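Engineer:
Chains as they are written, first to last, in the UniProt record's numbering: chain A, 1 to 299; chain B, 1 to 461.
1) Taking residue 69 (chain A) as part of the beta strand (DSSP E), name the residues at either end of that continuous run.
2) State the Cα-Cα distance for the pair residue 284 (chain A) and residue 135 (chain B), rounded to the nearest angstrom.
3) Measuring only between beta-carbons, confirm whether residue 158 (chain B) sits less than 8 angstroms from chain A.
4) Specify, as a first and last residue, the run of the alpha helix (DSSP H) that residue 291 (chain B) falls within.
5) Considering just the uninterrupted stretch of the alpha helix (DSSP H) at residue 333 (chain B), what are its terminal residues?
6) Quick one: is residue 190 (chain B) buried, meaning 16 or more other Cβ sit within 10 Å of its Cβ, or exposed?
7) Under three-state DSSP, which class holds residue 191 (chain B)?
8) In the DSSP assignment, find the unbroken beta strand (DSSP E) run with residue 283 (chain B) in it and report its ends.
9) Ends of the beta strand (DSSP E) at residue 303 (chain B)?
10) In whole angstroms, give me the CA-to-CA distance for residue 129 (chain B) and residue 48 (chain A).
11) If you count every other CB in all the chains shown that lies within 10 Å of the CB of residue 74 (chain B), and 16 or more means buried, which is it?
12) Mind checking whether residue 63 (chain A) and residue 264 (chain A) have CB atoms under 8 angstroms apart?
13) Taking the alpha-carbon positions, what's the residue 433 (chain B) to residue 93 (chain B) distance?
14) For chain B, check one thing: does any of its Cβ atoms lie closer than 8 angstroms to the Cβ of residue 119 (chain A)?
15) According to the neighbour-count rule (16 or more other Cβ atoms, all chains shown, within 10 Å of its Cβ), is residue 15 (chain A) buried or exposed?
16) Taking 8 angstroms as the CB-CB cut-off, is residue 210 (chain A) touching chain B?
17) Please classify residue 371 (chain B): does DSSP put it in a helix, a strand, or coil?
18) Which residues of chain A have a Cβ atom closer than 9 angstroms to the Cβ of residue 434 (chain B), listed in chain order?
19) Looking at C-alpha atoms only, which residue of B:261, B:445, B:250 is the closest neighbour of residue 220 (chain B)?
20) With a cut-off of 8 angstroms on the beta carbons, I'd call residue 101 (chain B) and residue 326 (chain B) a contact; round off their distance for me.
21) Can you check whether the CB of residue 45 (chain B) is closer than 8 angstroms to the CB of residue 113 (chain A)?
22) Would residue 275 (chain A) pass as a contact of residue 151 (chain B) if the rule is Cβ separation under 8 angstroms?
23) What first and last residue would you give for the beta strand (DSSP E) that runs through residue 242 (chain B)?
24) Taking only runs of the alpha helix (DSSP H) that begin and end inside the region 149 to 213 of chain B, which ones reach a length of at least 4 residues, in chain order?
25) Residue 21 (chain B) to residue 454 (chain B), Cα distance in whole Å?
26) Identify the continuous beta strand (DSSP E) that holds residue 59 (chain A) and give its terminal residues.
27) Buried or exposed: residue 209 (chain A), going by 16 or more other Cβ atoms within 10 Å of its Cβ?
28) Please tell me whether residue 256 (chain B) and residue 185 (chain B) are closer than 8 angstroms, where the distance is taken between their beta carbons.
29) So, are the CB atoms of residue 338 (chain B) and residue 91 (chain B) less than 8 angstroms apart?
30) Is any beta-carbon of chain A found at less than 8 angstroms from that of residue 33 (chain B)?
31) For a test of the three-state rule: what should DSSP assign to residue 275 (chain B), helix, strand or coil?
32) Of the choices B:402, B:413, B:392, whose alpha-carbon is the least far from that of residue 452 (chain B)?
33) Tell me which same chain residues have a C-beta within less than 7 angstroms of the C-beta of residue 409 (chain B), skipping the five on either side of it?
34) Is the Cβ of residue 284 (chain A) closer than 8 angstroms to any Cβ of chain B?
35) Can you find the residues in the same chain that come closer than 6 angstroms, C-beta to C-beta, to residue 298 (chain B), ignoring five residues on each side of it along the sequence?
36) Given a cut-off of 8 angstroms, decide if residue 145 (chain B) and residue 400 (chain B) are closer than it, judged by their beta-carbon atoms.
Structure, rendered in structure tokens:
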């Protein structure tokens, strides 16, 4: 997959067909229509988020009186009052809870999954293939199946409502995909590299830390960002396992949903703040992904 | 650089990745066995993952199955009774029906839109920007997407952009300003009379050059346009002209059937000049209620106010009401997932050999034939991956329904995953039934689990 997609742009330019005049005119007209359609579709995808941003930048009174699109004729109505109110309330704490849940989860998933993936990819042990099939099967297990049992377990151990409880649940359900992704990447590491290290008598943990982990960086980076986004954006697990003191932004905002109309100021600004970090990461890591894919496709 | 390269890697559903990097294990086992570490070390590397998966994922599956056979108190064994409840309770049956709608509609729509977008992005220069825009919702939490669409679907066309667009489009094609419950002044003195179909028609035929007065009563204050001007009796002249006005003087007084100084015109009324049952001309009243048919051939006409004038103004749809709630939420789901489908399918498209397409074009195949007979069949593995991923996602859909459906409408929009949470944690307090719903959900995704395993095995060998 990696190799195929990396060379794709070159292919798409290579086969530009020669056409007769009539064909070219038809193409030109068609492409004009396509341009317009695509601009409309792009707007269709952009406008809802833009609406959220504008609503978050206007007072509730203004929002109740007129549509957000009137902002284009009345730019003076922009205010950051909603954000000030939001941060003065309980939102700030929930933001830090989201960070406290997301960062450890991402690190733990990467570390634990990388170890297991290395074992699956480059170690011999009985039942390896069968165990890996189990991992493949677990990829799509719905988390609902674990909500009740783990709640009971947490109750007994005494971590129900706590951040570690939320983190561990996330880590466990992040593992199947993480192991799967990394194992498939690690298996592509040239055998000669590992054999050379083993021949030198390097212990396995050393090979893992200084050979496999660095070579796996592109896949680990991709995994990292997706794991981060999944946990950052989760609502269901937080809803069940995080008590109000430990709740992340999603649960905090959900608790404000009941009075949607009157809480529009908090909800719009909170929702926008909650999506700003994922968006920044998403755009920033685009570049990282390119490098990773390039590095991966040189083999 | 296409977004493709960056986006498809980790998003790629597992099954597709397995062919992955080239130097697979096939050529290595012999050497590996000789040099590899002992199984003990392998166990050390696997232990943390195995413990977590065992305690948080595998053991709960067994626990849930057992728990689903007990009642809410966990004291009484009830066998399959909880499952019986799922299929007999009207509320849960509705959630199953809703999930069925989701599974049938959403994957097809998402895959189709993804395919269309992927094909179209090949024809524009700003494909990267387009892909970024459409893919962006993937990075956003479903919670935030839910808030975004609560705003989009607001029923008030002055708040919700969906209804704002619909009313603009609607009003472009039919310009009536609605005056519900307004009616023509009755009585022998009145020049007009109401018809059975709800329209208002002049009693006497009118020649061009004449003027018509159409007195209307019963206009509700809240529908009276703010820009309405005092009514002025039309002065005749070329063509057929007249005035439609609210024949009511606040505080009493004034002459019925005549536009008095304080009485206001009714702007935005559609007026038709009818000759022999055919509409010869259409006009719309101005702010002072006046209208004029220009260039009307001479002859006698009936002047008619069609029934649409007396219905409420069009305000769009009740997206968040009981009828439309599921389609509306599916719309939000499509907004979220179309980018995923597009990026995956675009990667598949890029991998199709251009030669095959060109050869077909040179042989005289139309673009549609090329698309239908070559592109789509070659893409079918990717399309299947997208389709199956969407089925699994629709089965598990939770956040969007929970956030977008207002509490009063939620029973109508309910889905299995939400019902499971509601029953077990959100007030229902019946973990027996909750477990049964969770197991039911697991059974629903089981075929796809087996499919994944099969496909993985095939890819490995």
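Beta carbons: idealized from backbone N, C-alpha and C, even for Gly.
All of these numbers come straight from a predicted model, not from anything done at the bench.
Structural biologist: Short version:
1) For residue 69 (chain A), there is no enclosing beta strand (DSSP E), as DSSP gives it neither H nor E.
2) In a straight line, the C-alpha of residue 284 (chain A) is about 14 angstroms away from that of residue 135 (chain B).
3) It does: the Cβ of residue 158 (chain B) has a partner Cβ on chain A nearer than 8 angstroms.
4) Premise fails: residue 291 (chain B) lies in the beta strand (DSSP E), 290 to 293, not in any alpha helix (DSSP H).
5) Here the alpha helix (DSSP H) through residue 333 (chain B) covers 325 to 351.
6) Residue 190 (chain B) comes out buried.
7) In this structure, residue 191 (chain B) counts as coil in the three-state DSSP scheme.
8) Residue 283 (chain B) -> beta strand (DSSP E) spans 278 to 284.
9) Per DSSP, residue 303 (chain B) belongs to the beta strand (DSSP E) from 300 to 305.
10) One C-alpha to the other measures close to 17 angstroms.
11) With fewer than 16 other CB atoms across the displayed protein chains lying within 10 angstroms of its CB, residue 74 (chain B) is exposed.
12) For residue 63 (chain A) and residue 264 (chain A), yes; Cβs fall inside 8 angstroms.
13) Whole-angstrom Cα-Cα distance: 14 angstroms.
14) Chain B contact via Cβ: present.
15) Per-residue confidence for residue 15 (chain A) stands at a pLDDT of 43, beneath the threshold of 50, marking its modelled position as unreliable; no derived number is given.
16) No, no contact with chain B.
17) Helix at residue 371 (chain B).
18) What residue 434 (chain B) touches in chain A: 144, 147, 148.
19) Nearest to residue 220 (chain B) by alpha-carbon distance, out of B:261, B:445, B:250, is B:250.
20) A Cβ-Cβ distance of about 6 angstroms is found for the pair residue 101 (chain B) and residue 326 (chain B), placing them in contact under the 8 angstroms criterion.
21) Not in contact: residue 113 (chain A) and residue 45 (chain B) (Cβ atoms no closer than 8 angstroms).
22) Contact: no.
23) Per DSSP, residue 242 (chain B) belongs to the beta strand (DSSP E) from 240 to 246.
24) Considered as a whole, the region 149 to 213 of chain B harbours 161 to 173 as its complete alpha helix (DSSP H) runs of no fewer than 4 residues, in chain order.
25) At residue 21 (chain B) the pLDDT is 43, less than 50, meaning the model places this residue with poor confidence and gives no usable figure here.
26) Element bounds for residue 59 (chain A): n/a, residue is neither H nor E.
27) Residue 209 (chain A) should be labelled exposed.
28) Closer than 8 angstroms, so yes.
29) Not closer than 8 angstroms, so no.
30) Here residue 33 (chain B) scores only 46 on pLDDT, less than 50, and its place in the model should not be relied on; the value that follows carries that caveat. Under the Cβ criterion of 8 angstroms, residue 33 (chain B) is counted among the residues facing chain A.
31) In the structure shown, residue 275 (chain B) falls within a strand segment according to DSSP collapsed to helix, strand and coil.
32) With respect to the C-alpha of residue 452 (chain B), the residue from B:402, B:413, B:392 having the closest C-alpha is B:392.
33) Within the same chain, residue 409 (chain B) has close Cβ partners 320, 321, 322, 325.
34) Chain B, which has no Cβ nearer than 8 angstroms to the Cβ of residue 284 (chain A), makes this no.
35) Around residue 298 (chain B): 208.
36) Contact flag set, yes.
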